[in-house]
Amino acid sequence: MKHYVFIIALILGLTNKSTNIDLTPKMLKIIEKEINKSWKELEVSRSSLFISDHISDDLHIEANNSFVLLNNTDTLAYLFIRRTNGCVIGGCTDENVMAKPISNNFAERYEHFDYMIILNRDLSIRKVKVLVYDGEYGYEITSKLWLKQFIGYCGENLNYGSDIQAISGATVSAQSITDDIQLLVQFAKKMRALGVI
């Protein structure tokens, strides 16, 4: 029963998370650096994707943080800036808290972190980078080596703990980014079907 409460709480945390991300100058610098590392030989520009409010709401995609990466007029890839849940010490990882009924203040036990994801034209993952992780717990997910596990992922079922290596002490953050990446790739496929990308 305890595991079901945890799963329900995690899902509610993922679907009710804040998606408002203000791209700070520091974040933009990191994003540009990662883009330049990915295409050293090309001049790459970033252009906002046009996503209607209806599609944005249906797919939980933040239109202001969705971009197409271009070389002149040629599409190279798609860039999305996402926000998902981390956990505070003594908060959501506490088994006693997880066993209690979900209350309105459950979301307060989460901190958020922002990451970027670049999808190739075929919608497989090219790059994942955590941009801001201010949490005091679970920062191990910022490791380049751990994030490399997602490269090439293109939408198949992805299980945290088997397909993606589990991280002791960062379970909530690692599960959260794993689930969010799966959702984003599914959303990208739906956007492709709708002619957005």
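Remember, my numbering sits 4 above the position in the sequence shown when you count from 1. We put the beta carbon where it would ideally sit given N, CA and C, even for glycine. Owing to the predicted nature of the structure, the values given are computational and were not obtained by experimental measurement.
For the beta strand (DSSP E) assignment, the uninterrupted runs of no fewer than 3 residues enclosed by the region 122–156 are, from N- to C-terminal side, 129–136. Fewer than three Cβ pairs drawn from the region 39–56 and the region 140–159 lie within less than 8 Å of each other, which leaves the two stretches out of contact. When beta bridges are read from the DSSP output, I85 appears opposite M120. Separation of Y119 and G142 (C-alpha to C-alpha, rounded to the nearest whole angstrom) is 14 Å.
If you ignore the 5 residues before and after I34, its C-beta comes within less than 6 Å of the C-beta of L135, all in its own chain and listed in chain order. N40: not part of any beta strand (DSSP E); member of the alpha helix (DSSP H) spanning 29–42, first to last residue. Where F71 is concerned, the enclosing beta strand (DSSP E) starts and stops at 70–75. Contact annotation: A192 and E144 have beta-carbon atoms that are not nearer than 7 Å. In this structure, I122 lies away from A178, with their beta-carbon atoms at least 7 Å apart.
Beta-carbon to beta-carbon, L73 and R87 are separated by about 20 Å, too far to satisfy the 8 Å threshold.
Buried is the label assigned to L63, since at least 16 other Cβ atoms lie within 10 Å of its Cβ.
Residue range 49–52 is occupied by the beta strand (DSSP E) that includes S52.
Burial of D184 is indicated by the presence of at least 16 other C-beta atoms within 10 angstroms of its C-beta.
The alpha-carbon of S128 is positioned some 8 Å away from that of V189. One Cα belongs to D78, the other to R125, and the distance between them is close to 11 Å.
Residues V134, Y137 of the same chain have their beta carbon placed closer than 7 Å to that of T146, with the five preceding and five following residues left out of the count. If you draw a straight line from the Cα of L187 to the Cα of A197, it comes to about 15 Å.
Spanning the alpha carbons of S52 and I171 requires a straight line of approximately 34 Å.
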